[in-house]
Amino acid sequence: MHGEKGSIVKYGMDSQEEQLKNGMKPGDNGYGVDDEENFATLETEESLERIPTEVGCYDNYYKGVRDSILNGEKLPVTAKEGLDVIKLIQLAIESSEKGR
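As numbered in full-length UniProt numbering, residues 1 to 100 make up the sequence shown, in order.
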């Protein structure tokens, strides 16, 4: 993402799916932790910095969905929030295609 004061770039996919396919389980040491090559890079006029990715935790999301269904608790992500994310992704794709 590029802004007036700098840019942040993140490559790679969320590590959890591949880790699950390889037999890792939530709670295992290193689960949800990205390899350093997939850390984000923050670049401003003053600096260039590698930023570790926040540790992922799919299981918390699914526990939240379960608790919403069984106990009426608030969903971890509402339908509107999900739609807003999709719109944001579409705008990012459009911006990239137009070279902005």
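Heads up, the beta-carbon is just placed ideally off N, CA and C, and yes, glycines get one too. Fair warning: this is a prediction, and the values are worked out from it, not measured in the lab.
Coarse secondary structure for residue i, derived from DSSP in three states
i	result
residue 187	This structure cannot settle anything about residue 187, because the visible part of the chain is limited to 1 through 100.
Leu42	strand
Ser95	helix
Val9	strand
CA-to-CA distance, residue j to residue i, given in whole angstroms
i	j	result
Leu68	Gly56	Per the sequence shown, residue 68 should be read as Ser rather than Leu. C-alpha separation (whole angstroms): 21 Å.
Glu36	Lys80	33 Å
Asp28	Lys10	24 Å
Gly72	Gly82	19 Å
Tyr62	Met13	19 Å
Lys98	Leu70	45 Å
Ser96	Leu88	12 Å
Cβ neighbour criterion (16 or more within 10 Å) applied to residue i
i	result
Gln19	buried
Gly32	buried
Gln16	buried
Asp34	buried
Same chain, Cβ closer than 8 Å to residue i, neighbours up to 5 away in sequence not counted
i	result
Ile51	Ile8, Phe39, Ala40, Thr41, Leu42
Ala92	Met1
Neighbourhood of residue i by C-beta, 6 Å cutoff - its chain only, sequence neighbours within 5 removed
i	result
residue 108	As displayed, the chain neither begins before 1 nor continues past 100, which places residue 108 out of reach and without an answer.
Pro26	Asp59
Glu49	Leu42
Close-in-space but distant-in-sequence residues of the same chain around residue i (CB under 7 Å, 5 per side omitted)
i	result
Lys5	Thr44
Residue i: CB within 7 Å of a non-hydrogen atom of the ligand ATP
i	result
Ser7	For the structure depicted, the ligand ATP is absent and the ligand set is empty, with no information on it obtainable.
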